[in-house]
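Participant: Below: one structure in structure tokens.
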Amino acid sequence: MNKVTMILLCSLVTMAARIIPQFISSLDKLPRVIKKAMLLLPTAALGSLIFPLALTDFGASWYAGLGGVVIAFIAGLKRTSMIVAIILALIATMLLLLI
Amino acid sequence: MCKDDIKEGIKDGIPIFLGYFTTALAFGLLTRSSGFTFVEGVLTSLTNFAGSGQFLMMNLYNGGAFLLEIVLSVFFINARYIFMSASLNARLKNRKSIIGRFFAGAGTVDEAFAVASFKGEKLSYSYLLSLMGTSYSGWVSGTAIGYMVGNILPEIVQSAAVITIYAMFASLFGNEVSRSIKAIIVVGISAALNSIFILCFGISTGLSFIISMIVSVIAACFIYSDEEVFLNE
Numbered sequence: 001m002n003k004v005t006m007i008l009l010c011s012l013v014t015m016a017a018r019i020i021p022q023f024i025s026s027l028d029k030l031p032r033v034i035k036k037a038m039l040l041l042p043t044a045a046l047g048s049l050i051f052p053l054a055l056t057d058f059g060a061s062w063y064a065g066l067g068g069v070v071i072a073f074i075a076g077l078k079r080t081s082m083i084v085a086i087i088l089a090l091i092a093t094m095l096l097l098l099i
Numbered sequence: 100m101c102k103d104d105i106k107e108g109i110k111d112g113i114p115i116f117l118g119y120f121t122t123a124l125a126f127g128l129l130t131r132s133s134g135f136t137f138v139e140g141v142l143t144s145l146t147n148f149a150g151s152g153q154f155l156m157m158n159l160y161n162g163g164a165f166l167l168e169i170v171l172s173v174f175f176i177n178a179r180y181i182f183m184s185a186s187l188n189a190r191l192k193n194r195k196s197i198i199g200r201f202f203a204g205a206g207t208v209d210e211a212f213a214v215a216s217f218k219g220e221k222l223s224y225s226y227l228l229s230l231m232g233t234s235y236s237g238w239v240s241g242t243a244i245g246y247m248v249g250n251i252l253p254e255i256v257q258s259a260a261v262i263t264i265y266a267m268f269a270s271l272f273g274n275e276v277s278r279s280i281k282a283i284i285v286v287g288i289s290a291a292l293n294s295i296f297i298l299c300f301g302i303s304t305g306l307s308f309i310i311s312m313i314v315s316v317i318a319a320c321f322i323y324s325d326e327e328v329f330l331n332e
């Protein structure tokens, strides 16, 4: 797949979602349930974004991926900043890969 | 152009700059470990300016999804901007400038939207565009520096680096749970469906993601009350 095509098409749909409402103001009056679904989508997507790929990406060392995910989750639960969560997860995964 | 508004926009944008810069470091690192060139990695941030959308794109790209699946998924996850942008548009001081509206739309990201929404007054372009510009510069420069830093990291760190993307999602998940325990149920449904589709039925990563996301968002609409969702409005 051509990466540049992918990048630009993703940009096109993202920017369309942002720019078109500036010119068609009736979009502010979308049904409430549609708005609700749009606002909940990022949360709903999280599960599929993490599983199963966080485990399968590491093949036989799947537990290294799981360890990283659990550490980052706990850091997030404690409201640690994202970069700290990522660094902690990276360290955990590295250690588990060394075992 | 009003100098005070520009100053205030930049001032309000600095916390967003810091958050975006650090997240983009991870994104830059990820593009490098996914086989992107420096130009491709930075181009993604320059043209998309969308945290979760870009991480999603990389995730599906690495999973071998088809182009259409990737673009459709990115559209779904970024569809919330339709509502955010429309809501900001309604609060603009001057709704005539075409260029102003174009950039106010293009710069509508979650954090800038949240900050601007809590401003009591009508929004000027000077304020809005300097707020968004500050956020944008953090996102793009973070990506570039993250990519370059990747060069000097030892190999073991690079092979573990694939975890950064999942760590980002997992920390967002932790954040959501600390706000409402219901997030566990919604995220659980979506994780279970996606795992079953991919591991048991061998459905492609992209299609499986789209189906899991739609089913779990419908479930989420029932699980969350309106008050919880529209809290920030």
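Here the protein sequences line up with chains A and B, keeping their order. In terms of the working numbering, the first sequence has 19 at position 19, counting the first letter as 1, and numbering is strictly consecutive. Position in the second sequence (first residue = 1) + 99 = the working numbering. Think of the CB as a built atom: it goes at the ideal place given N, C-alpha and C, for glycine as much as any other residue. Just so we're clear, the structure is a prediction, and the values are computed from it rather than from any experiment.
Provide the residue(s) that pair with residue 191/B in DSSP beta bridges, ordered along the chain.
Facilitator: 222/B
Participant: Say whether chain B places a C-beta atom closer than 8 Å to the C-beta of residue 72/A.
Facilitator: yes
Participant: Under 8 Å, Cβ to Cβ, is there at least one residue of chain A near residue 179/B?
Facilitator: yes
Participant: Kindly indicate the opening and closing residues of the alpha helix (DSSP H) around residue 170/B.
Facilitator: 166-177
Participant: To the nearest angstrom, how far is the alpha carbon of residue 304/B from that of residue 221/B?
Facilitator: 44 Å
Participant: In the structure shown, what three-state DSSP assignment does residue 57/A receive?
Facilitator: coil
Participant: Look at residue 83/A and residue 136/B and say whether their C-beta atoms are less than 8 Å apart.
Facilitator: no
Participant: Kindly indicate which three-state DSSP category residue 181/B falls into: helix, strand or coil?
Facilitator: helix
Participant: Do the CB positions of residue 89/A and residue 289/B come within less than 8 Å of each other?
Facilitator: no
Participant: Can you name, in chain order, every residue of its own chain whose Cβ lies under 7 Å from the Cβ of residue 120/B, other than the five neighbours on each side?
Facilitator: Result list for residue 120/B: 237, 240, 241, in chain order.
Participant: With residue 110/B as the anchor, note down where its alpha helix (DSSP H) starts and where it stops.
Facilitator: 102-132
Participant: Determine the closest residue to residue 228/B out of 198/B, 282/B, 243/B, with distance taken between C-alpha atoms.
Facilitator: The shortest C-alpha to C-alpha distance from residue 228/B to any of 198/B, 282/B, 243/B is the one to 198/B.
Participant: Alpha carbon to alpha carbon, how far is residue 129/B from residue 261/B?
Facilitator: 7 Å
Participant: Between residue 289/B and chain C, is the shortest Cβ-Cβ distance under 8 Å, so that the two count as touching?
Facilitator: No chain C appears in the structure shown, which is made up of the protein chains A and B.
Participant: Could you check what DSSP says for residue 24/A in three-state terms: helix, strand or coil?
Facilitator: coil
Participant: What does a CB cutoff of less than 8 Å around residue 279/B pick up in its chain, not counting 5 residues either side in sequence?
Facilitator: 323, 327
Participant: Please report the distance separating the alpha-carbon of residue 316/B from that of residue 281/B.
Facilitator: 13 Å
Participant: Closest to residue 94/A by CA distance: which of 64/A, 40/A, 49/A, 42/A is it?
Facilitator: 64/A
Participant: If residue 286/B and residue 46/A are in contact, beta carbons under 8 Å, what's the gap, nearest whole angstrom?
Facilitator: 5 Å
Participant: Beta-carbon of residue 31/A versus every beta-carbon of chain B: anything under 8 Å?
Facilitator: no
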